[in-house]
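Inspection log for the structure reproduced underneath, given as structure tokens.
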Amino acid sequence: MRLIIYNGKGGVGKTSVAAATARRCAKLGYRTMIMSVDTAHSLSDSLDVKLSSDTVTVEENLDALELNIIHEMRTKWFDIKDYISAFMLSQGVEDISAEEMAILPGMEMVAALFYVLQFKDSGLYDVVIIDTAPTGETLRLLSFPDVSNWYIDKLFGLIKRMVSIARVTVGRMIDVPLPSREVMESIEDIKDNMERVKEILEDPENTTIRLVLNPERMPINETMRSYTYLCLYNKTVECLIVNKVLPPDVDGNFMKKKLEEQEMYMRMIHEAFDPLKIMYAQQLRTELRGKESLDVMAEMIFGDSDPTVSYAKTSPMHFETEGGIDKLYLKMPFVRIEDIELFRGNNNSVIIKAGDQKRTVALPMTLVDAEMLGAEFDGESLIVKFKRTRNA
Ligand SMILES: Nc1ncnc2c1ncn2[C@@H]1O[C@H](COP(=O)(O)OP(=O)(O)OP(=O)(O)O)[C@@H](O)[C@H]1O
Ligand SMILES: [Mg+2]
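Just so we're aligned, residue 0 is where the sequence shown starts under numbering that gives the first Met the number 0, counting upward by one.
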């Protein structure tokens with residue numbers, strides 16, 4: 000089962016690109032599922048069909064699901080939800096907010112990944128496409144190496160915080176319900192499932208992440224950081240989709256100025272992401288909504304190619320640590336080591352110049368203060384070496 004995950008900053012076009020991909024896959028005869036994880040669901044709007052928290056068949060070969068975390072909690076994780084609600088009630092929190100508080104940030108994504116397991120086991124789909132929410136939690140969950148303990152850590156962290164708040168405000172512990180055997184078993188199940196999720200997420204043959212952005216400064220900077228973290232945790236970032244590109248024939252001074260600005264951002268995108276495969280979709284003059292415009296979008300991005308075919312099985316960038324030295328590997332063909340120049344850039348980045356090529360890489364937080372030791376070339380990748388300061 001092929002799994003394609005679309006991620007990117009708010010409003011860049013993730014839902015539209017995901018829906019366009021799904022329609023194309025279905026047309027090619029793949030049994031396709033598109034799942035929206037965003038709480039502000041716009042997939043219904045985009046596909047122009049009413050969707051729900053249960054699977055809806057949109058058309059031949061295309062099913063869709065808008066994940067609703069309250070529904071998931073009530074139907075699948077009721078033991079845990081009831082426990083947290085009971086706990087909150089014991090602390091004097093009203094029933095309705097108690098249920099809300101049982102929902103942890105990023106849990107929608109956990110629920111979505113559990114659906115992926117279910118789909119894989121059932122063999123119902125050839126392709127599953129996830130339209131993610133633009134949150135830090137989504138990225139953390141996708142990139143974090145040991146997602147298996149994510150929920151548990153959050154859950155127990157939350158309970159610990161609640162207990163300490165109760166201590167401070169009440170001055171003593173009041174009846175705190177202890178988790179039952181069922182609750183503990185549910186937590187164990189979640190742990191086991193997360194192990195399997197991890198395997199699926201790290202399977203470069205079938206699972207890839209596609210980053211969507213616009214040619215604008217903020218989305219570029221943010222996508223650079225996401226890219227670094229996903230690569231740091233060995234996820235396969237397969238391609239970049241630059242959406243809302245202005246057509247070259249815009250009229251008027253204002254738009255011409257915008258076009259010039261965009262050219263500068265396009266250069267920035269290449270410097271940050273080459274040799275990652277980059278695809279483009281133009282800004283449409285009309286509203287992008289409904290089947291026809293989604294098909295226009297699929298045409299712009301994929302031409303007549305099959306969108307399930309992966310452009311790469313590895314990300315062009317990865318990190319390794321060896322003998323206390325952190326190494327950033329960056330695919331950069333045809334460079335001569337004597338031409339390499341390294342600089343520190345803005346926003347915790349490193350700038351690599353090699354002849355007429357230039358790359359800007361956002362550094363992970365742990366390397367922000369690290370000493371840059373220099374670079375070498377292994378015939379395929381440039382390797383930039385860092386030594387972390389003792390506090391990092
Ligand atoms: N290429 C395009 N041309 C014209 N309009 C577009 C294009 N791509 C997206 N849009 C419009 O931009 C808006 C945001 O798109 P979309 O909902 O796909 O983004 P998103 O990244 O999923 O947003 P969110 O982060 O809020 O989920 C929508 O109104 C959509 O119709
Ligand atoms: Mg969206």
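The beta carbon of each residue, even a glycine, is placed where N, CA and C say it ideally should be.
Would you kindly report the start and end of the unbroken beta strand (DSSP E) that includes PHE301?
Segment 290 to 301 is the alpha helix (DSSP H) holding PHE301; no beta strand (DSSP E) there.
Taking ALA361 as the reference, which of CYS230, ALA19 and VAL16 has the closest Cα?
CYS230
For the alpha helix (DSSP H) that contains ASN242, what are its first and last residues?
Premise fails: ASN242 lies in the beta strand (DSSP E), 236 to 244, not in any alpha helix (DSSP H).
By DSSP, does ALA101 sit in helix, in strand, or in coil?
coil
Quick check on DSSP: helix, strand or coil for LEU2?
Of the three classes helix, strand and coil, the one that applies to LEU2 here is strand, per DSSP.
So if DSSP puts GLU321 in a beta bridge, which residue, or which two residues, is it bridged to?
Looking at the DSSP assignment, GLU321 forms a beta bridge with ILE324.
If we count the other Cβ atoms within 10 Å of its Cβ and call it buried at 16 or more, is PRO247 buried or exposed?
exposed
In angstroms, rounded to a whole number, what distance separates the CA positions of LEU200 and VAL36?
For LEU200 and VAL36, the gap between their C-alpha atoms comes out near 16 Å.
Would you list the one or two residues that DSSP bridges to THR54?
DSSP, once it has assigned bridges, lists no residue as partnering THR54.
Can you check which of these residues, THR38, VAL295 and VAL57, is closest to ALA414 by C-alpha distance?
Any property of residue 414 remains undetermined from this structure, which presents the chain solely from 0 to 391.
Going straight from the alpha carbon of SER142 to that of GLU204, what length do you get?
17 Å
For VAL36, verify whether its CB is less than 6 Å away from any heavy atom of ligand 1.
no
Can you confirm whether the region 221 to 229 touches the region 361 to 371 when touching is taken to mean that 3 or more C-beta pairs between the two stretches lie within less than 8 Å?
yes
Check whether the Cβ of GLN261 sits closer than 6 Å to any heavy atom of ligand 1, and report yes or no.
Relative to the non-hydrogen atoms of ligand 1, the Cβ of GLN261 never comes closer than 6 Å to any of them.
Answer yes or no: the CB of THR222 versus the heavy atoms of ligand 2, is any distance below 6 Å?
no
What did DSSP end up calling GLU187 once you bin it into helix, strand or coil?
helix
Leaving out the 5 sequence neighbours to the left and right, which residues in its chain are closer than 8 Å to ILE324 when beta-carbon positions are compared?
These residues qualify, in order along the chain: LEU372, LYS384, PHE385 and LYS386.
With a cut-off of 8 Å, do at least 3 Cβ pairs link the region 94 to 111 to the region 21 to 41?
yes
Going by Cα to Cα distance, which pick from GLU321, VAL367 and THR206 is closest to PHE342?
Considering only alpha carbons, the answer is VAL367.
Can you have a look at ALA19 and say buried or exposed, based on whether 16 or more other CB atoms are within 10 angstroms of its CB?
It is buried - the Cβ of ALA19 has at least 16 other Cβ atoms within 10 Å.
Between THR307 and the rest of its own chain, which residues show a CB-CB distance below 7 Å, the 5 nearest in sequence each way excluded?
ARG1, CYS24, TYR29 and VAL126
What does DSSP give as the partner residues of VAL349 in its beta bridges?
Secondary-structure assignment with DSSP links VAL349 through a beta bridge to ARG343 and VAL360.
With a threshold of 6 Å (Cβ to nearest heavy atom), would THR14 be considered close to ligand 1?
yes
Smallest Cα separation from ILE339: which of MET331, ASP250, HIS317 and ALA353?
ALA353
Using a Cβ-Cβ cut-off of 7 Å (strictly less than) and excluding sequence neighbours within five positions of ALA391, which residues of its own chain qualify?
The pLDDT assigned to ALA391 is 48, lower than 50, so where the model puts this residue is not dependable; a value taken from the coordinates is nonetheless given after this. A distance below 7 Å between beta-carbons, with the five flanking residues on each side excluded, links ALA391 to the following residues of its chain, in chain order: THR365, ASP368 and ALA369.
Going by other Cβ atoms of all chains shown within 10 Å of its Cβ, with 16 needed for buried, is THR74 buried or exposed?
exposed
Tell me whether LYS386 sits in a helix, a strand or coil according to DSSP, three-state version.
Three-state result, LYS386: strand.
Cβ of ASN242 within 6 Å of any heavy atom in ligand 1?
yes
Using a C-beta cutoff of 7 Å, does GLU58 count as contacting chain B?
You won't find chain B in this structure, because it holds only one protein chain.
Alpha carbon to alpha carbon, how far is MET72 from ARG216? Give it in angstroms, no decimals.
Answer to the nearest angstrom: the Cα atoms are 38 Å apart.
On the premise that LYS312 lies in contact with SER380, defined as a C-beta separation below 8 Å, what is that separation, rounded to the nearest angstrom?
The beta-carbon separation of SER380 and LYS312, rounded to 15 Å, does not stay under the 8 Å limit for a contact.
In this structure, what does DSSP give as the bridge partners for TYR228?
None, per the DSSP bridge assignment.
Would you mind reading off the limits of the beta strand (DSSP E) that contains ILE33?
31 to 35
Go ahead and label THR137 buried or exposed: buried means 16 or more other beta carbons lie within 10 angstroms of its beta carbon, across all protein chains shown.
buried
Please classify ARG73: does DSSP put it in a helix, a strand, or coil?
helix
I'd like the span of the alpha helix (DSSP H) that includes MET106, first residue to last.
106 to 121
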